[in-house]
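First the structure, in the form of structure tokens, and then the observations on it.
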Amino acid sequence: NAGVTQTPKFQVLKTGQSMTLQCAQDMNHNSMYWYRQDPGMGLRLIYYSASEGTTDKGEVPNGYNVSRLNKREFSLRLESAAPSQTSVYFCASSEAGQRNTEAFFGQGTRLTVV
Amino acid sequence: AQSVTQLDSQVPVFEEAPVELRCNYSSSVSVYLFWYVQYPNQGLQLLLKYLSGSTLVKGINGFEAEFNKSQTSFHLRKPSVHISDTAEYFCAVRAPGAQKLVFGQGTRLTINP
């Protein structure tokens with residue numbers, strides 16, 4: 157029972173490099189999310205997708221793009237990485253609408269930008 | 009807009025002592041409330057949730073939380089902690105039907121032997 161799977165688990169980038177974080181869920185959830193976690197700031201929403209084909213900005217979208225490839229997959233892209241994007245990134249998924257209660261999280265991607 | 013405040017960034021306690029982790033939220037509408045736990049180098053795992061009904065909610069690993077609407081609080085408690093409870097705990101809120109789950113800043117619980 158995989159749940160939410162993120163790849164890679166760790167990544168080191170140089171400033172200006174690009175990369176895509178991958179996320180897939182096998183729970184048939186409509187909604188998917190990308191959060192970043194920084195010390196003392198909890199989790200902050202970057203982007204979310206309420207359903208296949210839709211995406212919306214969250215609290216801290218600058219410097220990121222997302223793609224909801226299909227119902228299972230939701231990727232996060234950093235076009236030109238900056239040291240301020242050093243963080244732990246979490247993907248999550250949940251049911252839609254009134255059935256949307258808790259979110260289920262992946263194991264995280266620890267990204268360091270040097 | 010909804011917000012969540014976790015009043016303590018760190019809570020050190022001795023093993024087998026009781027613990028309370030405090031969470032206050034601000035919202036003008038009814039809310040769903042959650043506590044998540046994050047063990048070192050892992051993702052977030054749901055401890056418990058309040059959707060409606062009884063204000064005392066029991067979760068996994070012996071934790072419980074009480075929803076207090078008048079004080080807009082959802083404090084997490086455990087009567088006797090174990091070393092394995094060492095983790096970071098996050099309180100979160102969502103309005104029914106809304107997409108966004110808003111998190112507090114987290115409380116790091118450290119258990120001393």
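Chains A and B, in that order, give the protein sequences. Note that our numbering has the first sequence beginning at 157, numbered continuously upward. Note that our numbering has the second sequence beginning at 9, numbered continuously upward. Ideal Cβ placement from N, Cα and C applies to all residues, glycine included.
For residue i, collect the residues of the same chain with a Cβ closer than 7 Å to its Cβ; drop the 5 residues on either side in sequence, then sort them by chain order.
{"i": "Ser-34 of chain B", "result": "Gln-10, Ser-11 and Thr-80"}
{"i": "Glu-208 of chain A", "result": "Arg-224, Asn-226 and Lys-227"}
When you compare only the Cα positions, how much space is there between residue i and residue j?
{"i": "Gly-51 of chain B", "j": "Arg-266 of chain A", "result": "11 Å"}
{"i": "Thr-163 of chain A", "j": "Thr-176 of chain A", "result": "9 Å"}
{"i": "Asn-186 of chain A", "j": "Arg-30 of chain B", "result": "32 Å"}
{"i": "Ser-60 of chain B", "j": "Tyr-40 of chain B", "result": "8 Å"}
{"i": "Pro-87 of chain B", "j": "Tyr-44 of chain B", "result": "18 Å"}
{"i": "Tyr-189 of chain A", "j": "Leu-55 of chain B", "result": "20 Å"}
{"i": "Val-168 of chain A", "j": "Val-269 of chain A", "result": "6 Å"}
{"i": "Leu-64 of chain B", "j": "Pro-239 of chain A", "result": "43 Å"}
{"i": "Met-183 of chain A", "j": "Gln-263 of chain A", "result": "16 Å"}
{"i": "Leu-109 of chain B", "j": "Val-216 of chain A", "result": "14 Å"}
{"i": "Gln-173 of chain A", "j": "Arg-85 of chain B", "result": "45 Å"}
{"i": "Leu-232 of chain A", "j": "Thr-242 of chain A", "result": "14 Å"}
{"i": "Thr-257 of chain A", "j": "Gln-18 of chain B", "result": "27 Å"}
{"i": "Lys-227 of chain A", "j": "Gln-113 of chain B", "result": "30 Å"}
{"i": "Ala-248 of chain A", "j": "Phe-166 of chain A", "result": "17 Å"}
{"i": "Asp-122 of chain B", "j": "Pro-195 of chain A", "result": "Chain B is shown only over 9 to 121; residue 122 of chain B falls outside these bounds and no answer can be derived."}
{"i": "Gly-70 of chain B", "j": "Gln-53 of chain B", "result": "15 Å"}
Since I believe residue j is in contact with residue i (beta carbons under 8 Å), could you give me their beta-carbon distance rounded to a whole number of angstroms?
{"i": "Glu-229 of chain A", "j": "Ala-180 of chain A", "result": "5 Å"}
{"i": "Cys-99 of chain B", "j": "Phe-75 of chain B", "result": "That pair is no contact at about 12 Å."}
{"i": "Gln-46 of chain B", "j": "Glu-96 of chain B", "result": "5 Å"}
{"i": "Phe-246 of chain A", "j": "Gly-159 of chain A", "result": "Contact flag wrong, Cβ pair sits at about 12 Å."}
Within the same chain, show all residues whose beta-carbon is closer than 8 Å to that of residue i, passing over the 5 residues directly before and after it, in chain order.
{"i": "Glu-23 of chain B", "result": "Val-89, His-90, Ile-91, Ile-119, Asn-120 and Pro-121"}
{"i": "Ala-103 of chain B", "result": "Gln-10, Ser-35, Val-37, Ser-38, Val-39 and Tyr-40"}
{"i": "Val-21 of chain B", "result": "Val-27, Val-89, Leu-117, Thr-118, Ile-119 and Asn-120"}
{"i": "Tyr-204 of chain A", "result": "Ser-187, Met-188, Tyr-189, Trp-190, Thr-211, Asp-212 and Gly-214"}
Just to confirm the assignment, what range does the beta strand (DSSP E) spanning residue i have?
{"i": "Thr-171 of chain A", "result": "First-last for Thr-171 of chain A: undefined, no H or E at that position."}
{"i": "Ser-236 of chain A", "result": "Here Ser-236 of chain A belongs to no beta strand (DSSP E), and DSSP marks it neither H nor E."}
{"i": "Leu-117 of chain B", "result": "115-120"}
{"i": "Leu-267 of chain A", "result": "265-269"}
{"i": "Gln-14 of chain B", "result": "11-14"}
{"i": "Gln-107 of chain B", "result": "Element bounds for Gln-107 of chain B: n/a, residue is neither H nor E."}
{"i": "Ser-243 of chain A", "result": "243-250"}
{"i": "Thr-161 of chain A", "result": "160-163"}
Near residue i, what residues of its chain come up, given a Cβ to Cβ distance below 6 Å and the 5 sequence neighbours on each side ignored?
{"i": "Leu-199 of chain A", "result": "Tyr-191 and Gln-193"}
{"i": "Lys-57 of chain B", "result": "Phe-42"}
Check whether the Cβ of residue i lies closer than 8 Å to any heavy atom of the ligand NAP, and answer yes or no.
{"i": "Ala-25 of chain B", "result": "Looking at this structure, you won't find the ligand NAP or any other ligand, since it has none at all."}
Original post:
Quick one: complete beta strand (DSSP E) runs, 3+ long, within the stretch 21-98 of chain B?
Top reply: 27-29, 31-34, 40-46, 52-58, 64-66, 72-76 and 81-86
Original post:
Which whole runs of the beta strand (DSSP E) in the stretch 187-234 of chain A are 3 residues long or more, in chain order?
Top reply: 187-193, 199-205, 220-224 and 230-234, all fully within the stretch 187-234 of chain A.
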